[in-house]
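Asker: Residue numbers (this note's numbering): 14 to 335.
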Ligand code: UDP
């Protein structure tokens, strides 16, 4: 499944943590890649493995630029749209930018894709499931979001609009879209700056600072290694049967944050102490966390042939080794 163009792929957000690993995978498979990134949370150094490759080109600019996105979409066979607001802390600090980047940026990409009939992968998020307790989360399950006065939910809500819009482009205009709901993705190059827990714990453990577990630490997540996530994205966008579908992309290995802290401490051989920090101290007043988050991956397995397998010990060792 692909349109035509000078480049095989346009990757928006390609200088980010996930995007840069995706670019490396595509190039290793002989694909040419054009990246659009505004370098707000991504960085040039993430692209060290790609920038000298003749199959690769970076355009520094924003998905909010309608003319630019249209011009770039025209040059590419397939679009993978990853550019988005990143990280819970970032989202709470920059609520206007979060909504605008996610909603307007995705609308621009869909309009640009439609103008040249280019297939597009839209990166959505497990945050969409919100406070649902229907574990494991199935793609057709209800979503349960909190009140609009709690800014965290603007992220899930803006991504839900992206999903509705992408599905509408498929249903009403026949644009081939694939929507992936990414669960907690981790690996080398991920920054702890935007609140993400694992890079933070690793940085704290390796520098001898206290490992900061928020709340009671009994909240759970399923972590996947980024290499397996980008492989899944490529398998899905290359599979015509995935068109018009929303697909969970994540692992089923559920772990509590307290246990995660213990693993990081023991595997890194750190002497850091593990401390519990109440949510009121960690985040602004209106914060709400999710107690459990775990995907049903049967659709992913059916469409991509497999789902992420790396266990948490392997993941922690991989990050520590880089
Ligand atoms: N968390 C934590 N300590 C930190 C950063 C995060 O205990 O220093 C917790 C956070 O409250 C949440 C979990 O780790 O319960 C995962 O947080 P992250 O921001 O990585 O992802 P998300 O909440 O989007 O799953």
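For each residue, glycine too, the CB sits at the ideal point set by N, CA and C. Here the structure is a predicted model, which is why all the values come from computation and not from measurement.
#1: On the CB-based measure, 16 or more other CB atoms within 10 Å of its CB, does residue 73 come out buried or exposed?
#2: Secondary structure at residue 307, three-state DSSP: helix, strand or coil?
#3: Which residues in the same chain as residue 317 place their Cβ atom closer than 6 Å to its Cβ, once the five residues preceding and following it in sequence are excluded?
#4: Kindly identify the DSSP beta-bridge partner or partners of residue 267.
#5: Taking the C-alpha atoms as reference points, what is the distance between residue 243 and residue 209?
#6: Which partner residues does residue 34 have in the DSSP bridge list?
#7: Nearer than 7 Å: is that true of the beta carbon of residue 232 relative to any heavy atom of the ligand UDP?
#8: Let's see if you can read the secondary structure: which residues bound the beta strand (DSSP E) around residue 147?
#9: Given this structure, state the Cα-to-Cα distance separating residue 54 from residue 112, to the nearest angstrom.
#10: By a C-beta neighbour count over all protein chains shown, 10 Å radius and 16 as the cutoff for buried, is residue 221 buried or exposed?
#11: Where does residue 211 sit, in a helix, a strand or coil, going by DSSP?
#12: In angstroms, rounded to a whole number, what distance separates the CA positions of residue 189 and residue 295?
#13: Under 8 Å Cβ to Cβ from residue 8, same chain only, skipping five residues before and after it: list those, please.
#14: Taking the alpha carbon of residue 185 as the reference point, which residue from 257, 96, 139 has its own alpha carbon closest?
#15: On the three-state DSSP scale, how would you describe residue 16?
#16: What would DSSP say about residue 58, mapped onto helix, strand or coil?
#17: For residue 45, collect the residues of the same chain with a Cβ closer than 6 Å to its Cβ; drop the 5 residues on either side in sequence, then sort them by chain order.
#18: Looking at the ligand UDP, does it come within less than 7 Å of residue 30, judged from the CB to the closest heavy atom?
#19: The ligand UDP and residue 150: does any heavy atom of the ligand fall closer than 7 Å to the residue's C-beta?
#20: What's the gap between the Cα of residue 35 and the Cα of residue 109?
#21: What does the alpha-carbon distance come out to for the pair residue 135 and residue 230?
#22: Could you check if residue 156 belongs to the surroundings of the ligand UDP, using beta carbon to heavy atom distance under 7 Å?
#23: Starting from the C-beta of residue 149, find all residues in its chain whose C-beta is less than 6 Å away, skip the five residues before and the five after it, and write them out in chain order.
#24: Whole angstroms are fine: how far does the CA of residue 302 sit from the CA of residue 293?
#25: Where residue 133 and residue 94 are concerned, what is the direct C-alpha to C-alpha distance, given to the nearest angstrom?
#26: With a 10 Å radius around its C-beta and 16 neighbouring C-beta atoms as the bar for buried, classify residue 12 as buried or exposed.
#27: Under DSSP, the alpha helix (DSSP H) around residue 112 begins and ends at which residues?
#28: Taking its Cβ as the centre, do 16 or more other Cβ atoms sit within 10 Å of residue 146, making it buried, or is it exposed?
#29: Closest to residue 166 by C-alpha separation, out of 129, 142, 286, would be which residue?
#30: Go ahead and pull the three-state DSSP assignment for residue 300.
#31: Given that a residue counts as buried once 16 or more other Cβ atoms are within 10 Å of its Cβ, and exposed if not, what is residue 114?
#32: Under a three-way DSSP split, which group does residue 190 fall into?
#33: If I measure Cβ to Cβ from residue 336 and keep anything under 6 Å in the same chain, skipping five residues before and after, which residues do I get?
Answerer: If we stick to the structure as given:
#1: exposed
#2: coil
#3: 245, 248, 249
#4: 235
#5: 19 Å
#6: None; residue 34 has no bridge partner.
#7: Because some heavy atom of the ligand UDP lies under 7 Å away, the Cβ of residue 232 counts as near it: yes.
#8: Unbroken run through residue 147: none, as it is neither H nor E.
#9: 16 Å
#10: exposed
#11: Residue state, collapsed to three classes: helix.
#12: Taken atom to atom, the span from the alpha-carbon of residue 189 to that of residue 295 is near 41 Å.
#13: With the chain covering only 14 through 335, there is no way to say anything about residue 8.
#14: 257
#15: Since pLDDT at residue 16 reaches only 49, below the 50 mark, its modelled position is unreliable, and the value read off the structure follows with that caveat. DSSP places residue 16 in coil when its eight states are reduced to three.
#16: helix
#17: 20, 21, 68
#18: no
#19: no
#20: 28 Å
#21: 32 Å
#22: no
#23: 307, 308, 309
#24: 11 Å
#25: 7 Å
#26: Since the displayed the chain opens at 14 and closes at 335, residue 12 lies outside it and no answer follows.
#27: 108 to 129
#28: exposed
#29: Scanning 129, 142, 286 for the CA closest to the CA of residue 166 turns up 142.
#30: coil
#31: buried
#32: strand
#33: Examination of residue 336 is not possible in this model, given that the chain is present from 14 through 335 alone.
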